[in-house]
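One structure is given below, encoded as structure tokens.
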Ligand SMILES: [Zn+2]
């Protein structure tokens, strides 16, 4: 017997960018969306009575949200050492499944983890998919592929890059290709390149840490095996090199040269600007003891991000919504939707466009658009019922009290305890996940 759920009478925002449908009913059969209709226009093939009807008059229903930038293995770490060294794979994996549930409870039914310590994101994905733990659908990368002196190569040369680190150090093209093949064998969904050099970091004008041939070689090796590729690239020269190398989307692009906007637009390379992490440090860094120089650097980065990506959006570069949840300034379950708010507040996007970026836009970049990201028939019944209209006030998406219900595959998510209110990484409760490691 099919299990049938109907959510009736709500305003439906379907994630495609189409105008909202008022007094709509969404019908989910065996976890998949079967139909939606307005008023009493029930289709003939939706005649079988539902097992459960959720009355949602006056509410808004949106697709389950997607965070394209959430590091589930980082455990809300405060430093490179906490993320890269302390813990161990067992601890990181257990902590990850615990934290993944917070992401789901906040209305994010899917996320991309573009860079994991150990192979934790893949493990977490599989544990959730197998039904062992509640959590979102995860599009999982392994460790960043990093070159000498690049982003993720944080420690002195005499220490090297520990096996526990978020990056894996590859000094030659052959090592990079081998690492791609190894990661695919270990069942990653995508490959993450650590693109920027760490040289001249303060001047914000450094370039890539690897040659064009190396970058293209990684992309080719991953694409040949049917995997997507993304890249950490803040600097202008790295962004341009990444677009030419054929990466599937670019993360940050903070100091992108406006002259390269055409390159990204013509190739339709999406950008995930990841403003939340940067804005949180700017807005709250002083309160939580962040080095003032770092705060100043982040302020410059935020200014640059906003300036260049207002122009990118105007030119037609696709935008993705990713928060960089996973650090102490971006705890899990609390800040994912802040990115959508910042797209409206800082980038001037219409709320509908920001919602599309965080639903079907992100799903399309993963190659998941026939699975999640909109409320079209055939897709998974992932949706959120809101008390309020996010088109009038986008902050509804981040208000745990106004998220009335979350469904993943047509099943209501247990939200007890409800997702906690937003906070920064200075409260005692937050320190539990990391400080116990050093005792
Ligand atoms: Zn990241």
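In my numbering, the protein residues as written are 1247 to 1685.
Just so you know, even glycine gets a beta-carbon here, dropped at the ideal spot from N, CA and C.
Since the structure is predicted, the reported quantities are computational estimates derived from the model, not experimental observations.
Using a Cβ-Cβ cutoff of less than 7 Å, which residues in the same chain neighbour residue i once the five nearest sequence positions on both sides are dropped?
{"i": "residue 1513", "result": "1489"}
{"i": "residue 1413", "result": "1389, 1390, 1392, 1398, 1399, 1407 and 1440"}
{"i": "residue 1556", "result": "1593 and 1594"}
{"i": "residue 1422", "result": "1391, 1416, 1460, 1463 and 1464"}
{"i": "residue 1442", "result": "1396, 1397, 1452, 1454, 1455, 1478, 1479, 1480, 1481 and 1484"}
{"i": "residue 1597", "result": "1590, 1636, 1637 and 1640"}
{"i": "residue 1525", "result": "1548 and 1588"}
{"i": "residue 1509", "result": "1486 and 1489"}
{"i": "residue 1552", "result": "1592 and 1593"}
Look at the Cβ atom of residue i, then the Cβ atom of residue j, and state whether they are nearer than 7 Å.
{"i": "residue 1476", "j": "residue 1497", "result": "yes"}
{"i": "residue 1308", "j": "residue 1259", "result": "yes"}
{"i": "residue 1391", "j": "residue 1464", "result": "yes"}
{"i": "residue 1367", "j": "residue 1386", "result": "yes"}
{"i": "residue 1319", "j": "residue 1286", "result": "no"}
{"i": "residue 1305", "j": "residue 1256", "result": "yes"}
{"i": "residue 1473", "j": "residue 1430", "result": "yes"}
{"i": "residue 1571", "j": "residue 1585", "result": "no"}
{"i": "residue 1314", "j": "residue 1518", "result": "yes"}
{"i": "residue 1534", "j": "residue 1378", "result": "no"}
{"i": "residue 1361", "j": "residue 1438", "result": "yes"}
{"i": "residue 1569", "j": "residue 1605", "result": "no"}
{"i": "residue 1648", "j": "residue 1660", "result": "no"}
{"i": "residue 1530", "j": "residue 1352", "result": "no"}
{"i": "residue 1515", "j": "residue 1468", "result": "no"}
{"i": "residue 1432", "j": "residue 1381", "result": "no"}
{"i": "residue 1611", "j": "residue 1495", "result": "yes"}
{"i": "residue 1270", "j": "residue 1299", "result": "no"}
Would you call residue i buried or exposed, if buried means 16 or more other Cβ atoms sit within 10 Å of its Cβ?
{"i": "residue 1520", "result": "buried"}
{"i": "residue 1483", "result": "buried"}
{"i": "residue 1625", "result": "buried"}
{"i": "residue 1408", "result": "exposed"}
{"i": "residue 1673", "result": "Reliability of the predicted coordinates at residue 1673 is poor, the pLDDT of 47 falling under 50, and no value is obtained from them."}
{"i": "residue 1722", "result": "Here the chain has residues from 1247 to 1685 only, and residue 1722 is not among them."}
{"i": "residue 1491", "result": "buried"}
{"i": "residue 1662", "result": "exposed"}
{"i": "residue 1294", "result": "exposed"}
{"i": "residue 1579", "result": "buried"}
{"i": "residue 1376", "result": "exposed"}
{"i": "residue 1303", "result": "exposed"}
{"i": "residue 1687", "result": "Because the chain in this structure spans residues 1247 to 1685, residue 1687 falls outside the shown range and cannot be described."}
{"i": "residue 1322", "result": "buried"}
{"i": "residue 1621", "result": "buried"}
{"i": "residue 1261", "result": "buried"}
{"i": "residue 1325", "result": "exposed"}
{"i": "residue 1428", "result": "exposed"}
{"i": "residue 1681", "result": "Its pLDDT being 36, under 50, residue 1681 is placed unreliably in this model, and the coordinates cannot settle the point."}
{"i": "residue 1247", "result": "exposed"}
{"i": "residue 1615", "result": "buried"}
{"i": "residue 1404", "result": "exposed"}
{"i": "residue 1445", "result": "exposed"}
{"i": "residue 1328", "result": "buried"}
{"i": "residue 1532", "result": "exposed"}
Tell me whether residue i, by its Cβ, gets closer than 6 Å to a heavy atom of ligand 1.
{"i": "residue 1716", "result": "In the structure as shown, the chain begins at 1247 and stops at 1685. Residue 1716 is therefore absent and cannot be evaluated."}
Note down, in chain order, each residue of its chain lying with its Cβ closer than 6 Å to the Cβ of residue i, except the 5 sequence neighbours on either side.
{"i": "residue 1595", "result": "1589"}
{"i": "residue 1456", "result": "1393"}
{"i": "residue 1502", "result": "1482, 1485 and 1554"}
{"i": "residue 1600", "result": "1586, 1589 and 1590"}
{"i": "residue 1274", "result": "1251, 1627 and 1656"}
{"i": "residue 1339", "result": "1366 and 1369"}
{"i": "residue 1402", "result": "none"}
With hydrogens ignored, establish whether the beta-carbon of residue i is closer than 6 Å to any heavy atom of ligand 2.
{"i": "residue 1509", "result": "In the structure shown, ligand 2 is absent; the only ligands present are ligand 1."}
For residue i, I'd like the list of residues in its chain whose CB is within less than 8 Å of its CB, leaving aside the five on either flank, ordered along the chain.
{"i": "residue 1297", "result": "1249, 1250 and 1251"}
{"i": "residue 1684", "result": "With a pLDDT of 36 at residue 1684, under the threshold of 50, the modelled position of that residue is not reliable, and the figure given next carries that caveat. So the list reads 1332, once near-sequence residues are dropped."}
{"i": "residue 1527", "result": "1536, 1540, 1541, 1544 and 1575"}
{"i": "residue 1602", "result": "1261, 1262 and 1263"}
{"i": "residue 1607", "result": "1516, 1564, 1565, 1566, 1567 and 1619"}
{"i": "residue 1678", "result": "At residue 1678, the pLDDT of 40 sits below 50, so the modelled position is not reliable and the matter cannot be decided from this model."}
{"i": "residue 1292", "result": "1273, 1280, 1281 and 1283"}
For residue i and chain B, any beta-carbon pair shorter than 7 Å?
{"i": "residue 1541", "result": "Absent from the structure is chain B; it holds one protein chain and no more."}
Check your understanding: Considering only residues of the stretch 1416 to 1473, which uninterrupted beta strand (DSSP E) runs meet the minimum length of 3 residues and lie entirely inside it, listed in chain order?
Key -> Unbroken beta strand (DSSP E) stretches of 3 residues or longer found wholly inside the stretch 1416 to 1473: 1436 to 1440, given in chain order.
**Study point:** Minimum length 3: unbroken beta strand (DSSP E) runs contained in the stretch 1276 to 1331
**Key:** Correct list: 1278 to 1284, 1298 to 1301, 1306 to 1309 and 1311 to 1313.
Check your understanding: Taking only runs of the alpha helix (DSSP H) that begin and end inside the stretch 1463 to 1525, which ones reach a length of at least 4 residues, in chain order?
Key -> Listed in chain order, they are 1482 to 1491 and 1507 to 1513.
Review point. Could you give the uninterrupted runs of the beta strand (DSSP E) lying entirely in the stretch 1359 to 1406, keeping only those of 3 residues or more?
Key: Unbroken beta strand (DSSP E) runs of no fewer than 3 residues, entirely contained in the stretch 1359 to 1406, are found at 1383 to 1386 and 1390 to 1392, following chain order.
Practice item. Note down, one range per segment and in chain order, each alpha helix (DSSP H) of at least 4 residues found wholly within the stretch 1583 to 1668. Key: Annotation note: the stretch 1583 to 1668 contains the following uninterrupted alpha helix (DSSP H) runs of length 4 or greater, listed N- to C-terminal: 1584 to 1591, 1597 to 1602 and 1608 to 1612.
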